[in-house]
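Residue numbering for the sequence shown follows the numbering used here, starting at 6 and increasing by one per position. Ideal placement from N, C-alpha and C gives every residue a C-beta, glycine not left out. Report on the structure given below.
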Amino acid sequence: MKYKGIIFDLDGVICSTDHYHYLAWKALADRLGIYFDETINNRLRGVSRMASLDIVLERDDRAWSPEEKAAFAEEKNNTYRALLKNMSPADLSAEVRETLDALRERGLLLGIGSSSKNTKFILSQIGLGDYFDKISDGTNISRSKPDPEVFLKAAEFLGLDPADCLVVEDAKAGIQAASAAGMDSAAIGDAAGCGLATYDLERFSDLLRCVD
Ligand code: BG6
Ligand code: MG
């Protein structure tokens with residue numbers, strides 16, 4: 006086996022939350038009279054909540070205080086969490102579930118490395134609340150991707166050397182973070198083709214070919 010563990014990003018890899026992020030940021034931007042669209046939303050992939058807010062506010066000239074910005078982030082998160090309540094095990098594809106099970110059967114440890122502070126809530130909504138061996142997420146890091154912290158913590162929680170871990174990511178910032186952590190990476194979706202990953206995946210189940 007090339008690896009002992011696989012560390013998965015959550016949003017855009019295990020499940021799709023992009024549209025809910027979009028709707029929640031759009032509601033905030035509309036209320037503040039700030040232009041926001043899907044292209045700007047794509048730039049928020051893998052970026053922490055506060056760094057995302059700064060990107061949303063780029064289109065605005067007003068100077069907001071730290072307290073106002075914290076309130077905006079909370080407002081967005083409240084809208085986002087209300088939308089996440091719509092998620093259910095039906096939002097986990099059979100392909101993802103079967104691939105995860107097959108990887109586990111091969112003896113690999115499976116972890117999460119996500120910037121999101123809503124990781125545990127999302128996993129429980131899609132029926133994977135107790136599935137992963139360890140979770141490293143937005144609640145245990147102080148630096149967001151492309152900093153390697155979230156993946157280094159995931160490896161530490163799994164009890165593995167970084168060199169024995171493979172990261173699966175849909176964001177270029179996440180591929181850069183994996184590389185900075187000294188880990189191989191598999192890029193899917195938006196990140197595939199960025200030229201920085203060890204493997205580019207066309208579909209999630211292609212992962213099975215990367216681990217042999
Ligand atoms: C990442 C998403 O997984 O989590 C980003 O790709 C998001 O778009 C970030 O900003 C933080 O999420 P949360 O749930 O803590 O606001
Ligand atoms: Mg992602």
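Going by CA-CA distance only, name the one from the options that's closest to residue i.
| i | options | result |
| --- | --- | --- |
| G38 | S210, D65, A168 and E154 | D65 |
| T144 | P151, K125, N91 and T203 | K125 |
| Q181 | G10, V52 and I117 | V52 |
| A29 | E43, K74 and K81 | K81 |
| A32 | L163, W69 and Y85 | Y85 |
| G114 | A99, D96, R102 and D138 | What sits at residue 114 in the sequence shown is Leu, not Gly. The shortest Cα separation from L114 among A99, D96, R102 and D138 belongs to D138. |
| I193 | A186, L201 and R208 | R208 |
| C20 | G179, G112, E174 and G187 | E174 |
| D217 | A196, L108, A186 and K150 | L108 |
| L49 | A197, D16, R148 and E73 | D16 |
| Y136 | D169, R148 and V101 | V101 |
| E43 | R111, Y27 and R36 | Y27 |
In or out: residue i buried (at least 16 other Cβ within 10 Å) or exposed?
| i | result |
| --- | --- |
| N46 | buried |
| L1 | Because the chain here runs from 6 to 217, residue 1 falls outside it and cannot be looked at. |
| P167 | buried |
| H24 | exposed |
| A87 | exposed |
| E161 | exposed |
| G200 | exposed |
| Y8 | buried |
| P153 | buried |
| S70 | exposed |
| A202 | buried |
| M92 | buried |
What span of residues does the beta strand (DSSP E) with residue i cover, start to end?
| i | result |
| --- | --- |
| S21 | Where S21 is concerned, there is no enclosing beta strand (DSSP E), given that its DSSP letter is neither H nor E. |
| K74 | Looking at the DSSP string, K74 is not in any beta strand (DSSP E); the run it does join, the alpha helix (DSSP H), is P71 to L89. |
| I11 | G10 to F13 |
| L114 | L114 to G118 |
| K139 | K139 to S141 |
Excluding the 5 residues flanking residue i on each side, which residues of the same chain have their C-beta closer than 6 Å to its C-beta?
| i | result |
| --- | --- |
| L105 | none |
| A159 | I12, G116, G118 and S141 |
| Y204 | A191 and C215 |
| G224 | Any answer about residue 224 is impossible in this case: the structure gives the chain only from 6 up to 217. |
| R54 | A78 |
| A186 | P153, F156, L157 and P167 |
Could you give the C-beta distance for residue i and residue j, rounded to a whole number, given that I count them as a contact under 8 Å?
| i | j | result |
| --- | --- | --- |
| L58 | A78 | 5 Å |
| V155 | S120 | 6 Å |
| L163 | G10 | 5 Å |
| D189 | L171 | 5 Å |
Residues in the same chain with beta-carbon distance under 8 Å from residue i, minus the five sequence neighbours each way, listed in chain order, please.
| i | result |
| --- | --- |
| L89 | T22, Y25, N123, F126, I127 and Q130 |
Could you please give the first and the last residue of the uninterrupted alpha helix (DSSP H) stretch that includes residue i?
| i | result |
| --- | --- |
| C170 | No alpha helix (DSSP H) holds C170; the beta strand (DSSP E) holding it covers C170 to E174. |
| S57 | R54 to V61 |
| K158 | E154 to L163 |
Once you ignore the five residues that flank residue i on each side, which residues in its own chain have a CB closer than 7 Å to its CB?
| i | result |
| --- | --- |
| G132 | P94 and L97 |
| A197 | D205 and L206 |
| A75 | none |
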